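For reference, the structure is listed below as structure tokens.
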Amino acid sequence: MAGRLSSLSGLPASVRSPTYDRERGCGIVHLGIGAFHRAHQAVYTDDSLAKAGGDWMVTGVSLRSPDVARQLNPQNGLYTLLTRGADGVGARIIGSVQKVLVASEEPEAVLAVLIAPQTKIVSLTITEKGYGVDPKTGGLDPEHPSVAGDLADPRHPRGAIGFIVEALRMRREAGLPGFTVLSCDNLPSNGKVAKRLATEFAAITAPDLADFITRHVTFPSTMVDRITPASTGQTFADVERLVGRSDPGAIETEPFTQWIIEDDFVAGRPEWEVGGALFVENVAPYEKMKLRMLNGAHSMLAYSGFVAGHRYVRDVMADPALSALVARHMQAASATLDPVPGVDLAHYAEELRTRFRNPAIAHETYQIAMDGTQKLPQRLLEPTLVALDRGQPLEAFSFAVAAWMRYVLGRDEAGKAYALRDPREKEIASALRKAGTDAGAIVDALLALPGLFAATLTSHRSWPDAVKQRLSAMLEKGMRTAIEEEARGFPPP
Ligand code: CS2
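So this is what it looks like as structure tokens:
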């Protein structure tokens, strides 16, 4: 058994590893240090530390689970990043994370780093459901599990927005400057969302903080992209082989990476451009493109592929009928976009499909299928509304929504139950119990979930029927046949 990765000495020459001083200051606190942060922003920061220096080490924070802290702290924050592409697998050691705190175990330590004078950026990957958005208003949901407790006891926060607002309050009281809040989640206008929630939260718990937030805190939006499947036994075995150490914190990802950021940092930032980040004035067109074309197609193929028995995205892409539907979906999604500066959308779609086909990446459809209620609006429903408005075909979106409805029934075609893994799982189950087994009743019950589907859709003259027709085919003929019928007339590209 190989020794643990805890220092950089004696690593094979083929493994790139940090040569910069890792004892320098932590200018970044990252909330939600899961695999995605470690495969994406932390890599750009590693590049920037190597080439441009600065006090930009990262203190990672896990809001709940102690796992990442247990993996990384004994390794001084070091971990291995495997990149799997057409030309094989490569290993690199990332050094930008100095330590990891667990908010549920040591909330005071988290507040202490958030109010440290050296903290200039607080970045977030807390997933869609971590924000506490009220789906009906788009603002703060005071009943949301990650918000309600913090509103009741704002001096002892547990959720991301609560931590940020309390830290800002303490910083203002101590006469310290603000920081930049950098959301890196797959939400449209993620910076604006973070700002609205923090401002609404502060209006309740610290009403005189509003002016400080306006003047001393910025919330740039970002578009983030890198396919990062969950680590598996294969990840750890490949790391041992390539690095000669054991690393329970190892993660794996694809070669492609993209980060587009609004350049609005109130207290400076690392030179992430040396790692390839693109700074722009307005990230919205890129975000919409990625959410509707990549993530929208991902959700569609995850629901239909999972029910059809495909475990991985690459299996879906090897299925001619489904891969034709992926191409159709991307085409329909691209038609809902305004021109995106410097991007040829047909080429972008082509590139996405190549990434989805990557045979070395084992990205589970079940992983993408989670949290559907949090993902549907920006990925599938907003583009449906645009398509409606522009008089464009709706088939691709109707099929994707029907596939989600099939998936949330929670049983595969052999009758075996699986967990939906959605924060609204209980509500969905109770709506479905009342609906019974009729496709029409199921669609009506799900369309009635509060705040999910816009009235323009639920009261549209033909859209609900188009979804019902597709769900009924999925239920009566099976997902396989439904996919084939849907793909008929739409040849693979
Ligand atoms: C995926 C994303 O799990 C999901 O919902 O669609 O995590 C996707 O892999 C990333 O956004 C790619 O950048």
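Sequential numbering of the sequence shown, starting at 4, is according to the numbering used here.
Note that the Cβ used here is the ideal one computed from N, Cα and C, for glycine as well.
Only a predicted model underlies this, so the values are computations on that prediction, with no experimental measurement involved.
Per DSSP, what kind of secondary structure is residue i in: helix, strand or coil?
| i | result |
| --- | --- |
| K198 | helix |
| I118 | coil |
| R7 | strand |
| T83 | strand |
| T238 | helix |
| V92 | strand |
| D50 | helix |
| Y315 | strand |
| T20 | Contrary to the premise, residue 20 reads as Ser rather than Thr in this sequence. Of the three classes helix, strand and coil, the one that applies to S20 here is coil, per DSSP. |
| M373 | coil |
| Q395 | coil |
| V100 | strand |
| I431 | helix |
| H350 | helix |
| L460 | helix |
| L450 | helix |
| T341 | A quick correction: the sequence has Asp, not Thr, at residue 341. Coil, per DSSP. |
| G13 | coil |
| I230 | coil |
As a quick exercise: from the options, pick the residue whose alpha carbon is nearest that of residue i.
| i | options | result |
| --- | --- | --- |
| L14 | R248, I118, L171 | R248 |
| H463 | R295, R424, L397 | L397 |
| D214 | D153, G181, M226 | G181 |
| L66 | K139, G141, L81, V150 | V150 |
| L117 | I97, S9, V64, S307 | V64 |
| F309 | E26, A372, R175, R427 | A372 |
| Y134 | A201, V389, R19 | A201 |
| A16 | S9, I96, L81 | I96 |
Among the residues of its own chain, which have a CB less than 6 Å from the CB of residue i, if the five just before and after it don't count?
| i | result |
| --- | --- |
| Y23 | L52, A53 |
| F222 | V184, G194, A197, K198 |
| S186 | L127, N193, G194, A197 |
| P258 | T86, G88 |
| K471 | A442, G443, V446 |
| Y365 | Looking at the sequence itself, residue 365 is Ala, so the reference to Tyr does not match. Closer than 6 Å at the Cβ level, and outside the excluded window around A365, lie P232, Y315. |
| D8 | Position check: residue 8 holds Leu in this sequence, whereas Asp was assumed. The residues are Q78, L81, R248, D250. |
Kindly list the residues whose CB is nearer than 7 Å to the CB of residue i, restricted to its own chain and excluding five residues on each side of it in sequence; keep chain order.
| i | result |
| --- | --- |
| F39 | T128, T231 |
| K437 | A448 |
| V242 | T83, L85, A94, D250, A253 |
| E131 | D188, N189, L190, D374, Q377, K378 |
| V18 | A94, R95, I96, L245, V246 |
| V227 | H43, C187, W262 |
| A240 | none |
Counting only the same chain and skipping the five closest in sequence on each side, list residues whose C-beta sits under 8 Å from that of residue i.
| i | result |
| --- | --- |
| L474 | A405, M408, R409, A442, I445, V446 |
| I31 | T48, W59, M60, V61, T62, T122, K123, I124, V125, S126, P273 |
| L355 | M296, L297, A300, M333 |
| A352 | M296, A330, M333, Q334, S337 |
| G6 | R248, S249 |
| A55 | P273, E274, V277 |
My guess is that residue i and residue j are in contact by the Cβ rule of under 8 Å, so how many angstroms apart are they, rounded?
| i | j | result |
| --- | --- | --- |
| N285 | E265 | 7 Å |
| W262 | T225 | 7 Å |
| T459 | L388 | 6 Å |
Within the chosen definition, does the segment 282–298 reach the segment 393–412 through at least 3 CB pairs nearer than 8 Å?
no
Are the segment 348–362 and the segment 319–333 touching, with three or more C-beta to C-beta distances below 8 Å?
yes
Inspect the CB distances between the segment 345–352 and the segment 314–323 and report whether three or more fall short of 8 Å.
no
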